[in-house]
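Numbering (the working numbering), first residue to last: 10 to 132.
Glycine residues also receive a C-beta, built at the ideal position from the N, C-alpha and C atoms.
Have a look at the structure below, then the notes.
Dropping the structure here:
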């Protein structure tokens, strides 16, 4: 995994931990990953997270996560307005976006009427 795209690394590590039925996972840390972890704790997908060694975060997972799907990648950035967010399968998941107002879910972005870059979907 490329260490230049920490968000794709984050998604891959969490998916691998969910598949292996692990309760914790260590991910590389930057400001965006930290903000996403805070949002996922509020959505009850993560129990908690704490700073680990050097540039790592240790994330405690819940059983609510089925899959994370990366949408916007370094080779193809995906931006959308608040009217056109893609629907998550079955309506039971969330789109996580980054905007000028920070890291938001698709519902928060619609309330605030802001668009942004679609980072990933979580089911």
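Worksheet item: Are residue 58 and residue 66 close, meaning C-beta to C-beta below 8 Å?
Response: Yes; because the gap between Cβ atoms is below 8 Å, this pair is in contact.
Worksheet entry | Buried or exposed (CB count within 10 angstroms, at least 16 for buried), residue 54 | buried
Fill in: Close-in-space but distant-in-sequence residues of the same chain around residue 115 (CB under 6 Å, 5 per side omitted)
Answer for residue 115: 94 and 104, listed in chain order.
Worksheet entry | C-beta atoms of residue 96 and residue 20 nearer than 8 Å | No, these two residues do not count as a Cβ contact at 8 Å.
Fill in: Neighbourhood of residue 56 by C-beta distance below 8 Å, restricted to the same chain and skipping five residues each side
50, 69, 70 and 71
Worksheet entry | Spatial neighbours of residue 98 in its chain, beta-carbon cut-off 7 Å, leaving aside the 5 residues before and after | 132
Worksheet item: So, using beta-carbon positions, are residue 107 and residue 77 closer together than 8 Å?
Response: Contact: no.
Fill in: Nonlocal neighbours in the same chain, by C-beta distance under 6 Å from residue 44, ignoring five residues either side
112
Worksheet item: So is residue 118 buried or exposed if we call it buried at 16+ other beta carbons inside 10 Å?
Response: Flag for residue 118 reads buried.
Item to complete: Output the boundary residues of the beta strand (DSSP E) element that contains residue 79.
Response: 77-79
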